[in-house]
Amino acid sequence: MRLADDFRNSDLAKGLIDGIHRNSTKKARLMEFCGGHTVAIMKHGIRQLLPSTIEMLSGPGCPVCVTDNSDLDKAIALARLPGVILTTFGDMLKVPGSRSSLQEARAEGADVRIVYSTLDALQIARQNPSRKVVFLGVGFETTAPTVAASVLQAEKEGIGNYYVLSMHKVCPPAIKAILDSGEVKLSGLICPGHVSAVVGSAAWDFIARDYGIPCVVSGFEPLDILQTVHMLVSQLEKGESRVEIAYRRGVTAEGNRRALETMYQVFELCPARWRGVGTVGGSGLRLRKAYRRFDAEAAFEFDPGPTVEPKGCICGEVLRAVKTPRDCGLFRTVCTPANPVGPCMVSSEGSCAAYYLYEATDER
Amino acid sequence: MSDRILLAHGSGGRLAHELIEKVLLKPLSNPLLDRLDDSAVVPFSGRLAFTTDSYVVNPIFFPGGDIGKLAVCGTVNDLSMMGATPLYLSLAFIIEEGLPLDELERVLVSVQAAAREAQVQIVTGDTKVVNKGSADRLFVNTAGVGVVPEGIDISGSSAKPGDKVILSGTIGDHGIAVLSQREGIGFSTRLESDCAPLNGLVAEMLAASKRIHAMRDPTRGGLATTLNEIASQSKVGIRIEEEKVPVREEVRGACEMLGIDPLYVANEGKLVALVHSEDANAILETMRHHRYGKNAAIIGEVRPDHPGRVVMKTTLGASRIVDMLVGDPLPRIC
Numbered sequence: 002m003r004l005a006d007d008f009r010n011s012d013l014a015k016g017l018i019d020g021i022h023r024n025s026t027k028k029a030r031l032m033e034f035c036g037g038h039t040v041a042i043m044k045h046g047i048r049q050l051l052p053s054t055i056e057m058l059s060g061p062g063c064p065v066c067v068t069d070n071s072d073l074d075k076a077i078a079l080a081r082l083p084g085v086i087l088t089t090f091g092d093m094l095k096v097p098g099s100r101s102s103l104q105e106a107r108a109e110g111a112d113v114r115i116v117y118s119t120l121d122a123l124q125i126a127r128q129n130p131s132r133k134v135v136f137l138g139v140g141f142e143t144t145a146p147t148v149a150a151s152v153l154q155a156e157k158e159g160i161g162n163y164y165v166l167s168m169h170k171v172c173p174p175a176i177k178a179i180l181d182s183g184e185v186k187l188s189g190l191i192c193p194g195h196v197s198a199v200v201g202s203a204a205w206d207f208i209a210r211d212y213g214i215p216c217v218v219s220g221f222e223p224l225d226i227l228q229t230v231h232m233l234v235s236q237l238e239k240g241e242s243r244v245e246i247a248y249r250r251g252v253t254a255e256g257n258r259r260a261l262e263t264m265y266q267v268f269e270l271c272p273a274r275w276r277g278v279g280t281v282g283g284s285g286l287r288l289r290k291a292y293r294r295f296d297a298e299a300a301f302e303f304d305p306g307p308t309v310e311p312k313g314c315i316c317g318e319v320l321r322a323v324k325t326p327r328d329c330g331l332f333r334t335v336c337t338p339a340n341p342v343g344p345c346m347v348s349s350e351g352s353c354a355a356y357y358l359y360e361a362t363d364e365r
Numbered sequence: 002m003s004d005r006i007l008l009a010h011g012s013g014g015r016l017a018h019e020l021i022e023k024v025l026l027k028p029l030s031n032p033l034l035d036r037l038d039d040s041a042v043v044p045f046s047g048r049l050a051f052t053t054d055s056y057v058v059n060p061i062f063f064p065g066g067d068i069g070k071l072a073v074c075g076t077v078n079d080l081s082m083m084g085a086t087p088l089y090l091s092l093a094f095i096i097e098e099g100l101p102l103d104e105l106e107r108v109l110v111s112v113q114a115a116a117r118e119a120q121v122q123i124v125t126g127d128t129k130v131v132n133k134g135s136a137d138r139l140f141v142n143t144a145g146v147g148v149v150p151e152g153i154d155i156s157g158s159s160a161k162p163g164d165k166v167i168l169s170g171t172i173g174d175h176g177i178a179v180l181s182q183r184e185g186i187g188f189s190t191r192l193e194s195d196c197a198p199l200n201g202l203v204a205e206m207l208a209a210s211k212r213i214h215a216m217r218d219p220t221r222g223g224l225a226t227t228l229n230e231i232a233s234q235s236k237v238g239i240r241i242e243e244e245k246v247p248v249r250e251e252v253r254g255a256c257e258m259l260g261i262d263p264l265y266v267a268n269e270g271k272l273v274a275l276v277h278s279e280d281a282n283a284i285l286e287t288m289r290h291h292r293y294g295k296n297a298a299i300i301g302e303v304r305p306d307h308p309g310r311v312v313m314k315t316t317l318g319a320s321r322i323v324d325m326l327v328g329d330p331l332p333r334i335c
């Protein structure tokens with residue numbers, strides 16, 4: 002199948018939608034963990050096509066959004082240090098921290114550069130031996146292996162001016178934390194596609210087994226998502242809870258062993274702060290002792306200042322799926338993509354941005 | 002002559018004259034330009050359309066065109082979108098010291114080719130050279146004038162409920178072709194920019210029907226932004242159908258990879274026209290016979306409801322808002 006067109010075939014989609022309508026009798030609350038899924042669902046208007054029995058919730062799976070203000074402040078403080086070049090993926094640039102953003106720091110003279118891969122950051126380090134080049138490591142299991150690879154490469158080449166500020170997070174413990182909180186009752190989970198490509202679908206077995214919640218790993222095209230919902234509904238109606246894969250072209254049960262090995266060669270699990278969720282044990286990745294000299298937090302002295310949360314912003318509750326962007330008093334009025342208050346409005350995979358950009362409120 | 006542009010080439014002295022005579026005038030020569038007076042003096046009668054645009058594209062050479070072709074086509078198209086027949090252009094260069102002379106010559110060759118295709122004359126110009134670092138290789142400004150024939154009144158404020166929305170071809174070709182060449186992104190594609198002068202196409206459309214109410218070329222900000230501008234200026238709603246909007250497979254693939262939406266990607270050889278519904282099919286037929294309108298399609302219609310807003314029926318049959326572009330589309334991180 003051709004990726005873009007065949008996975009949007011409207012006849013096939015109609016068949017799946019009809020099937021979902023036919024099969025779904027029980028009330029179901031399905032959460033898509035991943036921000037990429039939220040965007041796809043909103044962009045294609047999938048919620049409007051589902052029967053009223055099915056409620057869709059958006060989860061915390063946007064790495065930019067779940068980065069805590071205290072971590073953002075660290076990045077901004079680091080960027081302002083003399084002699085430092087801070088390299089980052091573009092999405093982080095506009096996210097407001099407690100007092101400022103990387104974009105504002107850059108306008109005030111900090112050397113902040115957008116890169117598209119860690120290899121670009123390494124190249125900047127090679128080209129600027131007298132400067133200290135920090136890569137802002139934000140992302141899930143999809144990104145962390147490439148950052149680990151850059152650390153290994155830097156070590157191999159003896160690049161002494163390359164550092165990583167690791168704010169990486171791993172997903173399964175965060176889902177567990179949300180389920181354990183009991184705030185949101187879920188009947189099914191749409192498991193992240195890209196993350197599962199690395200960690201494997203087996204990483205979600207505990208959810209199906211211990212919580213009795215059906216799990217299906219989904220791709221990002223409309224047909225992938227409809228197929229996933231169809232499979233979740235089938236399990237629910239039969240009273241089953243298993244982990245299934247609706248994204249076989251990218252995901253296996255065991256995942257990408259090479260990527261995981263690389264990731265865990267360089268990083269080890271540590272507690273991490275998730276915006277809205279709080280500190281979750283074993284959900285972060287820090288550099289192992291052997292690679293500590295690449296750790297920006299250890300290598301630099303800087304003061305990120307006290308953490309302040311933006312007034313009125315409910316990104317935390319949105320990320321926990323306790324509230325939706327529409328419940329926020331700032332949504333669309335004060336907080337817009339051009340003038341974002343919280344990270345969920347900044348990131349291209351944030352729930353607030355997806356609701357803002359794609360939801361045809363007056364068409365319903 | 003040096004094989005690179007020097008500061009002295011912009012000084013107004015001997016080197017500047019040498020540059021003008023040997024490099025600039027040669028390809029562009031016409032009786033009006035060759036006079037080298039302080040202004041071009043041209044005969045004119047009728048309603049004048051007048052526009053200007055600056056071009057800072059990076060890189061200056063890209064698949065399917067370069068900054069010179071773009072500078073001519075962009076201004077020709079801005080005139081054409083008002084229904085004007087483009088006649089005369091000015092051409093001004095701001096050159097960063099050190100630009101290889103042969104690059105400037107290549108740009109001039111495509112300026113000349115584009116001007117010839119669009120049947121416009123470059124009648125006045127200017128060249129400045131700035132210190133290294135004060136500009137990025139080469140910036141170009143063109144201004145243009147044209148004449149608007151009697152009976153034609155096209156404006157972004159004139160779209161009316163019931164009008165059909167016609168798009169002249171595939172979207173996103175230019176933006177993706179340029180992005181593919183960017184340092185740091187670089188991916189290989191056979192895709193070429195759609196950069197082209199549209200005055201010929203517009204002339205044929207107007208010959209088919211004068212009832213073209215609004216017309217724009219969706220450049221920066223893409224089709225989504227252009228339609229939002231028209232919806233807001235005309236105080237009407239616009240409803241388009243995702244399935245009807247032509248997008249090349251390569252463009253869709255690249256957009257998926259970069260996490261951007263083709264609706265927001267720039268075009269340089271496409272137009273969108275909002276026309277009286279009775280004439281829509283005749284205009285569409287005419288467009289499809291023109292080399293720059295082969296993939297033209299009716300993609301939607303103007304509605305009295307939701308004024309100022311663009312709504313799209315998705316491939317799956319749902320509907321969603323299509324908003325203006327906010328900021329620069331940045332590639333995604335996961």
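Protein chains in written order, with the working numbering: chain V, 2 to 365; chain H, 2 to 335.
We treat Cβ as the ideally placed atom computed from N, Cα and C, and that holds for glycine.
In this text the structure is predicted, and so the values were computed from the model without any measurement.
Under DSSP, H/R5 forms a beta bridge with H/P101. Neighbours of V/Y359 across chain H, judged by C-beta separation under 7 angstroms: R321, I322. Buried is the label assigned to V/D112, since at least 16 other Cβ atoms lie within 10 Å of its Cβ. V/P338 has a beta carbon lying within less than 8 angstroms of a beta carbon in chain H. One alpha carbon belongs to H/V179, the other to H/T76, and they sit about 19 angstroms apart. Taking the Cα positions, V/A198 is about 40 angstroms away from H/G270. CA-CA distance, V/L224 to V/R9, rounds to 6 angstroms.
DSSP, read as helix, strand or coil, puts V/Y265 in helix. Look at H/E244: its C-beta is under 8 angstroms from a C-beta on chain V. Taking a contact to require three or more Cβ pairs closer than 8 angstroms, the segment 184–200 of chain V and the segment 248–259 of chain V qualify as touching.
Here DSSP, grouped into helix, strand and coil, assigns V/Y164 to strand. Secondary structure of H/I261 (DSSP, three-state): coil. For the C-beta of V/M43, the chain H residues within less than 9 angstroms are, from N- to C-terminus, R321. Annotation: the continuous alpha helix (DSSP H) that includes V/E158 extends over 145–158. With a minimum length of 3 residues, the unbroken runs of beta strand (DSSP E) contained wholly in the segment 211–254 of chain V fall at 216–218, 244–246. In the DSSP assignment, V/M57 falls within the beta strand (DSSP E) that extends over 55–62. Assignment of beta-bridge partners to H/P162 by DSSP yields no partner.
For the segment 221–264 of chain H, the full-length beta strand (DSSP E) segments reaching 3 residues or more read 238–242 along the chain. Residues N70, L73, D74, I77 of the same chain have their beta carbon placed closer than 6 angstroms to that of V/G98, with the five preceding and five following residues left out of the count. By a beta-carbon distance limit of 8 angstroms, V/V185 does not contact V/R293. Their separation comes to about 38 angstroms.
When C-beta distances to chain V are compared with 8 angstroms, every residue of the segment 144–176 of chain H stays at or above that value.
Residues of chain H with a Cβ closer than 7 angstroms to the Cβ of V/G46 are, in chain order, T315, L317, A319, S320, R321. At least one CB of chain H lies nearer than 8 angstroms to the CB of V/P223. At a C-beta separation below 9 angstroms, V/Q128 has no neighbours in chain H, since its nearest C-beta there lies roughly 13 angstroms away. Scanning chain V for C-beta atoms nearer than 7 angstroms to the C-beta of H/G260 yields S349, reported in chain order.
Under the 8 angstroms Cβ criterion, the segment 285–300 of chain H does not count as touching the segment 79–99 of chain H, having fewer than three qualifying pairs. Look at H/V327: its C-beta is under 8 angstroms from a C-beta on chain V. Here the C-alpha atom of V/E158 lies approximately 34 angstroms from the C-alpha atom of V/E105. Using beta-carbon distances, V/S235 does not count as an interface residue toward chain H, since no partner is under 8 angstroms.
Nearest in C-alpha terms to H/P162, of all of H/S12, H/T315, H/C74, H/G301, is H/G301.
Here H/A283 really is in contact with H/S210; their C-beta atoms are around 6 angstroms apart, less than 8 angstroms. Beta-bridge pairing by DSSP links H/D127 to H/A93. Using a Cβ-Cβ cut-off of 8 angstroms, V/Q49 is close to A319, S320 of chain H, given in chain order. Within the same chain, L190, C192, W205, I208, A209, V244 come within 6 angstroms of V/C216 by CB-CB distance, once the 5 residues on both sides are set aside.
Of all alpha-carbon atoms in V/C172, V/S102, V/V152, V/F90, the one lying nearest the alpha-carbon of V/G285 is that of V/C172.
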